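Asker:
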Amino acid sequence: MKLAVVGTGYVGLVTGVCLAEIGHQVTCIDIDEEKVEKMKKGIPPIYEEGLESLMKQNIQARRLFFSSKFEKGLEKADVIYLAVGTPQYPDGTTDLTAVESAAKSIAHHLVQDAIIVTKSTVPVGSNEYLKSFIHSHLKNDVSIEVVHNPEFLREGSAIHDTFHGDRIVIGAENKQAAAVIEQINQPLDLPLVVTDIKNAEMIKYASNAFLATKISFINEIANICEKIGANVEDVAYGMGLDKRIGHQFLKAGIGYGGSCFPKDTNALVHMAGGVDHDFELLKSVIRVNNQQQISLVQKAKQRLGSLEGKRVAVLGLAYKPGTDDMREAASIVVIHRLIEEGAEVTAYDPFAMENAAPILPQQVWFAKTAAEALHDAEVGFILTEWDQIKNLSLKDVKDLMKADPIIYDGRNCFQLDDVRQHLIEYHSVGRPSIA
Ligand code: NAD
Numbered sequence: 081m082k083l084a085v086v087g088t089g090y091v092g093l094v095t096g097v098c099l100a101e102i103g104h105q106v107t108c109i110d111i112d113e114e115k116v117e118k119m120k121k122g123i124p125p126i127y128e129e130g131l132e133s134l135m136k137q138n139i140q141a142r143r144l145f146f147s148s149k150f151e152k153g154l155e156k157a158d159v160i161y162l163a164v165g166t167p168q169y170p171d172g173t174t175d176l177t178a179v180e181s182a183a184k185s186i187a188h189h190l191v192q193d194a195i196i197v198t199k200s201t202v203p204v205g206s207n208e209y210l211k212s213f214i215h216s217h218l219k220n221d222v223s224i225e226v227v228h229n230p231e232f233l234r235e236g237s238a239i240h241d242t243f244h245g246d247r248i249v250i251g252a253e254n255k256q257a258a259a260v261i262e263q264i265n266q267p268l269d270l271p272l273v274v275t276d277i278k279n280a281e282m283i284k285y286a287s288n289a290f291l292a293t294k295i296s297f298i299n300e301i302a303n304i305c306e307k308i309g310a311n312v313e314d315v316a317y318g319m320g321l322d323k324r325i326g327h328q329f330l331k332a333g334i335g336y337g338g339s340c341f342p343k344d345t346n347a348l349v350h351m352a353g354g355v356d357h358d359f360e361l362l363k364s365v366i367r368v369n370n371q372q373q374i375s376l377v378q379k380a381k382q383r384l385g386s387l388e389g390k391r392v393a394v395l396g397l398a399y400k401p402g403t404d405d406m407r408e409a410a411s412i413v414v415i416h417r418l419i420e421e422g423a424e425v426t427a428y429d430p431f432a433m434e435n436a437a438p439i440l441p442q443q444v445w446f447a448k449t450a451a452e453a454l455h456d457a458e459v460g461f462i463l464t465e466w467d468q469i470k471n472l473s474l475k476d477v478k479d480l481m482k483a484d485p486i487i488y489d490g491r492n493c494f495q496l497d498d499v500r501q502h503l504i505e506y507h508s509v510g511r512p513s514i515a
């Protein structure tokens, strides 16, 4: 089938590449011409494991194309995927500007009947609105259907998740349109949930809100564990063995970030408010997360009295390992706090420094390696559990840092026994401190 994908970010590009891999002919369209020129050469604009090789293979096989021109990209496309960003406004509501702009471009250039499949996460009711929005902007006598196919991939394992996802959700009012999308996805052989559009929209928000709730829940348990002398890792392990609970998303840490959980939880609180429902539980989840992100800096300040002039190494900037995405990363909050407190911050991340530089305060120095960041530092903060950071030798860490170093580990990267052997003062999340 001939497909187009509009918006080639983490979702759009991975979707386009994977749909090409399962045999479809796909043209990815983006308004960012620089990005498009790179992608034509097989260079992905994002870091995602396995993406580059799959992209190159499918370009070579002439199944995958890129364009910044809608008229060219939409040519003969039976199905058009829409995967542009849906960020939040400062008040937490969803900014649909990119969706509307992309939808308008599709409407202006469509010369054949098509199914428009929204992958972007949009508030309940948006797809219905989008259908009439596109209708009102059509320039030619064509008919359209809108299907919602929310995305559940995780950055860092996006390709794997697309081929091995838990389910594909297809929300449609038109059965034939739903059947076409089922057929496109058939080679993936994944469980399908075919439902109406509103349900599909809600499944996405409810899923993310639930996962965020699990994280804030275990972080609260971690905070109690610290006070009563328990170890959250043992507690989470014992809880997770219960199949009704499961081990996933029960890892205590410095809180969730990224391009989805923060905005999607806020959007759901607003959606609930719009129908006069006060989503108290989710509001608490968000509050707990905001507090969790600043908790390590607060602890450091309490321990040291002041962070003024202290040399601090921050290891890990991306919101999670496996991605260069800095959107809503906990490191942004932590580093701003550290700078406000007068600390001298040297930061390191194996992949996200290019994206981090424009959004972090100018005072931050970037090191080429973790060792360079740790060199002569008095305090270390670990904010992303990259292998490059988890696998650091604690002996090297101790040798590189100034005498009597202190580590605040927001991702519980090291075993407490190992740390004890190296005589490093170490504070992690929900586990006993080592002084
Ligand atoms: P992104 O910001 O990485 O990418 C958006 C892309 O769309 C950019 O390349 C941008 O240049 C392009 N774009 C913007 N306006 C355009 C237009 N008018 N026409 C064509 N292209 C345009 O976004 P993302 O992270 O891939 O997220 C896309 C959607 O998927 C969002 O709604 C998000 O909530 C949802 N989602 C994201 C993830 C994730 O892990 N990133 C997971 C599930 C769902």
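Whatever position you read off the sequence shown (first residue = 1), add 80 for the working numbering. Note that CB positions come from ideal geometry on N, CA and C, so glycine has one too. Computed from a predicted structure; not experimentally measured.
1) Report yes if the C-beta distance between G236 and T95 is below 8 Å; otherwise report no.
2) For A351 versus V509, is the C-beta distance shorter than 8 Å?
3) Out of curiosity, what's the CA-to-CA distance linking N229 and N220?
4) Tell me where the beta strand (DSSP E) around V274 begins and ends.
5) Compare the beta carbon distance of T166 and L154 with 8 Å and say whether it is the shorter of the two.
6) How about the region 290 to 299 and the region 356 to 370: do they share at least three Cβ pairs that are nearer than 8 Å?
7) Between which two residues does the alpha helix (DSSP H) holding C98 run?
8) DSSP has H228 in a bridge; who is on the other side?
9) Could you check where the alpha helix (DSSP H) with I214 kicks off and where it finishes?
10) Pop quiz: A447 and K482 are said to be a contact at Cβ under 8 Å. What is the actual Cβ separation, rounded to whole angstroms?
11) Hey, would you say the C-beta of F243 is under 7 Å away from at least one heavy atom of the ligand NAD?
12) Per the DSSP calculation, C108 is bridged to which residue(s)?
13) Just curious, the beta strand (DSSP E) that L162 is in, first and last residue?
14) Provide the residue span of the beta strand (DSSP E) that contains V392, from first to last.
15) Say the cut is 7 Å; is the CB of F232 nearer than that to a heavy atom of the ligand NAD?
16) From V226 to V191, what distance separates their C-alpha atoms?
17) Consider the C-beta atom of Y90 and the heavy atoms of the ligand NAD; say whether any pair is separated by less than 7 Å.
18) Looking at the unbroken beta strand (DSSP E) that takes in E360, where does it start and where does it end?
19) Would you say the beta carbon of I160 is closer than 7 Å to some non-hydrogen atom of the ligand NAD?
20) Any heavy atom of the ligand NAD within a distance shorter than 7 Å of the CB on E151?
21) Hey, would you say C98 sits closer than 8 Å to I239, going by beta carbons?
22) I'd like to confirm something about T523: is its beta-carbon nearer than 7 Å to some heavy atom of the ligand NAD, or not?
23) Comparing the CB of E129 with every heavy atom of the ligand NAD, is any distance shorter than 7 Å?
24) Tell me whether G396 counts as near the ligand GTP, meaning its Cβ is closer than 7 Å to at least one heavy atom of that ligand.
25) Tell me whether the beta-carbon of E262 lies closer than 8 Å to the beta-carbon of L270.
26) Considering only residues of the same chain and omitting the five flanking positions on each side of S411, which have a CB-CB separation below 6 Å?
27) Under the criterion of a Cβ to heavy atom distance below 7 Å, does S287 qualify as lining the ligand NAD?
28) Let's test the definition: count the other Cβ atoms within 10 Å of the Cβ of V222 and tell me whether it reaches 16, buried, or not, exposed.
29) For the region 419 to 429 and the region 299 to 307, state whether three or more C-beta atom pairs, one from each stretch, are separated by less than 8 Å.
30) At the level of alpha carbons, what is the spacing between T198 and E388?
31) Tell me, please, which residues DSSP counts as bridged to W466.
32) Do the region 135 to 155 and the region 241 to 251 make contact, defined as three or more Cβ pairs closer than 8 Å?
33) Around the Cβ of G460, are there at least 16 other Cβ atoms within 10 angstroms (buried) or fewer (exposed)?
34) Whole angstroms is fine: what's the gap from D356's alpha carbon to G172's?
Answerer: Once the coordinates are examined:
1) Between G236 and T95, the gap from beta carbon to beta carbon reaches 8 Å or more.
2) Checking the sequence shown, residue 351 turns out to be Met, not Ala. No, they are not a contact pair.
3) Roughly 26 Å between the two C-alpha positions.
4) V274 -> beta strand (DSSP E) spans 272 to 275.
5) In this structure, L154 does not lie closer than 8 Å to T166 by Cβ.
6) Output reads yes: the region 356 to 370 touches the region 290 to 299.
7) 90 to 101 is the span of the alpha helix (DSSP H), which, as asked, contains C98.
8) Per DSSP, T198, G251.
9) According to the DSSP assignment, I214 belongs to the alpha helix (DSSP H) that extends over 206 to 217.
10) Actually they do not touch by this definition, with Cβ atoms about 15 Å apart.
11) No, Cβ of F243 sits at least 7 Å from all heavy atoms of the ligand NAD.
12) Partner(s): V85, F146.
13) Counting along the chain, the beta strand (DSSP E) containing L162 begins and ends at 159 to 162.
14) It spans 391 to 395 - the beta strand (DSSP E) in which V392 sits, taken as one unbroken run.
15) Yes, since a heavy atom of the ligand NAD falls inside the 7 Å radius drawn around the Cβ of F232.
16) Just so you know, the alpha carbons of V226 and V191 end up roughly 16 Å apart.
17) Within the cutoff, so yes.
18) No beta strand (DSSP E) holds E360; the alpha helix (DSSP H) holding it covers 360 to 384.
19) No - the ligand NAD has no heavy atom lying nearer than 7 Å to the Cβ of I160.
20) No, the ligand NAD has no heavy atom inside 7 Å of this Cβ.
21) Taking C-beta atoms as the reference points, C98 and I239 count as a pair closer than 8 Å.
22) Nothing can be reported for residue 523: it is not among the residues displayed for the chain, which extend from 81 to 515.
23) The ligand NAD has no heavy atom closer than 7 Å to the beta-carbon of E129.
24) Among the ligands modelled here, namely the ligand NAD, the ligand GTP does not occur.
25) Cβ distance not < 8 Å, so E262 and L270 don't count as in contact.
26) The answer, listed in chain order, is L397, L463.
27) Because no heavy atom of the ligand NAD lies under 7 Å away, the Cβ of S287 does not count as near it: no.
28) Classification for V222: exposed.
29) They do not touch, by the three-pair rule.
30) Cα to Cα, the separation comes out at about 49 Å.
31) For W466, DSSP assigns no beta-bridge partner whatsoever.
32) Short answer: they don't touch.
33) Counting Cβ neighbours within 10 Å, G460 comes out buried, since at least 16 surround it.
34) The straight-line gap separating the alpha-carbon atoms of D356 and G172 is approximately 16 Å.
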